[in-house]
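Colleague: First the structure, then my questions, so here it is.
Okay, here's the thing in C-alpha cells:
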C-alpha cells in the first residue's frame, strides 16, 4: 500500500496508538518531501477533520522546506487558496496567513480580497483570519522591518470593512483584533464597540484597555466598570487616576480590595485619592475604605509589603482626614489589627493630639492606657495591672510609663513580680533593677535567654556588667550566632582576636539574617584591617552562594546591607573600587544598578582589566538592560585611565590607535557624547537582544509596493525568490 492510501486509512480511522502515531509521523515526513502532493490536496477525504489536520501539517512542512531551499511555492499557494474556500480549521488559517505574509502580492494578490470576502460571507472565519494576520504581523521576528511596514500600510485596505460590520456575536474575535490594531493605527480607532461589549469578554477587553491606555476615553471606561470584574491590569493603571472623582471608579476600586492581586494597588490608589481630594464626598469613603482594607489584610498572608502599604495609607489619610480616622479607630477597635490601632494613636499624637481626648473608652487596656499616656494623664499607671504582657506592645507601653512616671521601690518590685512570668521582659526588668540600684549576678549556666538579658543589663551599666564578659565570650564561642550577640560585642568593645577568629571561621554557616546583623551592628566598629578581612570574606561568600540561593528576599536584604556599609566605610576599605567590580558578578538588576552608581562616582583606583571585563559583561547581559547606560559610563571611566586603551585592546581585541584616539576625544567632549563614542567603539561586542535574534539575511524582505523605487536590499532574502 503506498503512502497516500496508508495515510488516508490511518487518518480516517481516528484510532491512534503508539505504533500508528509513529507510522503516521514517518508517512507525513515522506509525503512532505515528495515532488507533488496534488493527489492528496484534491482528495474528497479532506472533509474529514483528521485528514484535514494532517494534510495541513504536510502543507506546512512542505512550505517550510521550500522556503528554506528558495523553491517555488506556487503549488502550495494554489492549494491553500482553494482549501480556505472549502475547509476551515485553525491550522489552515495559520498556514494561509503565513503564506500571505510571505507571498502577497506576488503569488497571493488575492490575500486581502479573501479576507474581505470572508468577513462578509462568513464573519467568524474572516475575523479569525484577520486576527491571526495581525498577531503574526505584530510579533513575528521572521519579517524584516520594511516588510512589516508595507504590510501594516496594507492593513488599511481591510480595516474599513472590519470597522463597518462589527457584530457582538463575534466580540471574542473583534476585541483582541482591536488590541492588535492599536500597534498599527491607535489614533484612528473607535472603541465604542469595545465599551458596549466589554462585559461579554471582560478579560479580552481589559487586556485591550491596558495595551491602549493612552488612547481610550477614560470617562467611558468608568461608565462600564460596574460590569467589569476586578483585575490587576486595571487597578495598576487606575493608581494614576486618583484625581478623578467618578463614583463608578470609586466603587470599582472598593470592590477590588477583596482581590488579593489588586490589594496593594488599591492601597496606593486610595492613599492618593484621600491626599488629592479634600472634600465631603471623598471624606465619606475614608472609614469604609480603611475598614475594608484592614479587614482584608487580616484574611491575607499579611506580607511586609502589604503592611507597609496600609501604614502609608493610614499615615497620609490621617493628615488630611484626622477626625474620620480617629472615629474609625474608636468604633472598630475590636476588628482592627492592634498594630494598626496603635499606629493610628501614635500618629494622632503627632499630628492631631487634641483628638485623643475623645478616644477614651476602648474597653481595651492597652489602647486606653496608650491614650492616657499620650495625654499625660496622671491615671496612666493604673493600667499597669490591667495589661496583657503576652503582647510586646504592652511591655513597650510599661517601659515608657516607667521612664515617665515616678514609683516607689515597693511599686517597682510589684511590677517586677507582676511581669516575671512573661517572656520578652528582659529590657523591662533591667530598667526596674537599674531604678532600684540592684546589681544582679550572671554567675550561672548561660542560655540564649540569659545572653539577651545580659545585653539589656550591660546597656544600663556597662562598667559593672563588663566584669562578666569572659563568661559571655565562652558562651558566644559555643553558640554563635544568636539574638543581640553582635550588639553585646559592640558594647564591650576591644573585641579579642579569638572572638573575631571564631566569627570569621563560622561566618559561612550564619543564616543570612545574622550576616545582616553583623554588618549593621559590628562591622562599622571594627578597626580598618579587620573591616577589610571581613569585607573580602563576605564578597566571596555572596558570589559563591548566588547561584544556589533559596530565599532570595533574605539574600537580597543582607547583600544590600553589606553594599550600604561598604559605601559608608569606603574610606577604610582597601581596593574599594575593585571590590565593587567583583560584586558585579552577582547579576541581579537592582544590585548591579546600585554598584555601578557607586563605582562611577568613586575614584580611578581600580584594576582596569577587571573593570573592562565586568562592565562589558554587564553591557552584554539582556537582564541588566536598565544598567547598560551606567555600564557605558563605567567604560568611559576605564578608557580614560592611563592603561585604559591597553585594557580595551587586551579584553576586546580592539586596535590600539583607535582606542587612543577615542580616549583623546573623550577628554574634550561632554559626558553624553562620550557615551556615544564608547557605544560605537564596542558595538561589535554588544550582545544581540532576544527580540533581534533573527539575522536580516533570513528575514522576509520589503517588496517596494508603496514607493516608486525598486527594492534593491541585499540584507534580506527577496520574496520573489519564493515565487519563481
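Residue numbers (the working numbering): 54 to 777. Built from N, CA and C at the ideal position, the CB exists for glycine as well.
Report yes if the CB atom of residue 104 is closer than 8 Å to the CB atom of residue 65, and no otherwise.
Modeller: yes
Colleague: Going by DSSP in three states, residue 196 sits in which element: helix, strand or coil?
Modeller: strand
Colleague: At the level of alpha carbons, what is the spacing between residue 61 and residue 98?
Modeller: 8 Å
Colleague: Contact between the segment 659 to 679 and the segment 629 to 644: three or more CB pairs below 8 Å?
Modeller: yes
Colleague: In three-state terms, what does DSSP make of residue 75?
Modeller: helix
Colleague: DSSP three-state label for residue 526, please.
Modeller: helix
Colleague: What whole-angstrom Cβ distance do residue 475 and residue 453 have, given they're in contact under 8 Å?
Modeller: At roughly 17 Å, the Cβ-Cβ gap does not stay under 8 Å, so residue 475 and residue 453 are not in contact.
Colleague: Report yes if the CB atom of residue 503 is closer than 8 Å to the CB atom of residue 477, and no otherwise.
Modeller: no
Colleague: Once you ignore the five residues that flank residue 321 on each side, which residues in its own chain have a CB closer than 6 Å to its CB?
Modeller: 292
Colleague: Could you give the uninterrupted runs of the alpha helix (DSSP H) lying entirely in the segment 345 to 369, keeping only those of 4 residues or more?
Modeller: none
Colleague: Could you check whether residue 176 and residue 220 sit closer than 8 Å to each other, using their CB atoms as the reference points?
Modeller: yes
Colleague: Assuming the contact rule is C-beta atoms closer than 8 Å, residue 327 and residue 367 should be a hit. Round their C-beta distance to whole Å, please.
Modeller: Not really, about 10 Å apart at Cβ, beyond 8 Å.
Colleague: Relative to the C-alpha of residue 624, which residue among 647, 658, 719, 612 is closest?
Modeller: 658
Colleague: Consult DSSP for residue 159 and reduce its assignment to one of helix, strand or coil.
Modeller: coil
Colleague: Mapping the DSSP letters down to three states, classify residue 340 as helix, strand or coil.
Modeller: In the three-state scheme derived from DSSP, where H, G and I count as helix and E and B as strand, residue 340 is classed as helix.
Colleague: Using only the alpha-carbon positions, how far apart do residue 737 and residue 317 sit?
Modeller: 44 Å
Colleague: Could you tell me how far apart the beta carbons of residue 436 and residue 414 are, in whole angstroms, since I believe they sit closer than 8 Å?
Modeller: About 13 Å; that fails the 8 Å criterion.
Colleague: Less than 8 Å between the C-beta atoms of residue 284 and residue 259, yes or no?
Modeller: For residue 284 and residue 259, yes; Cβs fall inside 8 Å.
Colleague: Do we get a CB-CB distance below 8 Å when we pair residue 169 with the residues of chain B?
Modeller: Of the protein chains in the structure, only one exists, and it is not chain B.
Colleague: If you drop the 5 nearest sequence neighbours on each side, which residues of the same chain put their C-beta closer than 6 Å to that of residue 530?
Modeller: 555
Colleague: Residues in its own chain within less than 8 Å of residue 214 by CB, not counting five upstream and five downstream?
Modeller: 169, 172, 173
Colleague: Which residues in the same chain have their Cβ closer than 6 Å to the Cβ of residue 325, if we skip the five residues on either side of it in sequence?
Modeller: 295
Colleague: Could you spell out where the alpha helix (DSSP H) holding residue 443 opens and where it closes?
Modeller: Unbroken run through residue 443: none, as it is neither H nor E.
Colleague: Cβ atoms of residue 590 and residue 560: under 8 Å apart, would you say?
Modeller: yes
Colleague: From residue 249 to residue 388, what distance separates their C-alpha atoms?
Modeller: 41 Å
Colleague: Which same chain residues end up closer than 7 Å to residue 492 when comparing Cβ atoms and leaving out the 5 residues on each side of it in sequence?
Modeller: 517
Colleague: How many Å lie between residue 773 and residue 115 at the Cα?
Modeller: Note on residue 773: pLDDT 37, under 50, position unreliable in the model; the coordinate value appears next. Approximately 18 Å, taken between the alpha carbons.
Colleague: Going by the CB atoms, is the gap between residue 343 and residue 381 shorter than 8 Å?
Modeller: yes
Colleague: Tell me whether the segment 197 to 208 and the segment 221 to 231 touch, counting them as touching only if at least three CB pairs, one residue from each stretch, are closer than 8 Å.
Modeller: no
Colleague: Measure the alpha-carbon distance for residue 731 versus residue 712 and round it to whole angstroms.
Modeller: 10 Å
Colleague: Going by CA-CA distance only, name the one from 57, 118, 74, 281 that's closest to residue 91.
Modeller: 57
Colleague: Anyone know if the C-beta pair for residue 786 and residue 278 falls short of 8 Å?
Modeller: Residue 786 falls outside the range modelled here, since the chain spans only 54 to 777, and no answer is possible.
Colleague: If you draw a straight line from the C-alpha of residue 299 to the C-alpha of residue 312, how long is it?
Modeller: 21 Å
Colleague: So, is residue 537 buried or exposed, given that buried needs 16 or more other C-beta atoms within 10 angstroms?
Modeller: Looking at its Cβ environment, which holds 16 or more other Cβ atoms inside 10 Å, residue 537 is buried.
Colleague: Quick one: give me the first and last residue of the alpha helix (DSSP H) that residue 275 is part of.
Modeller: Element bounds for residue 275: 271 to 277.
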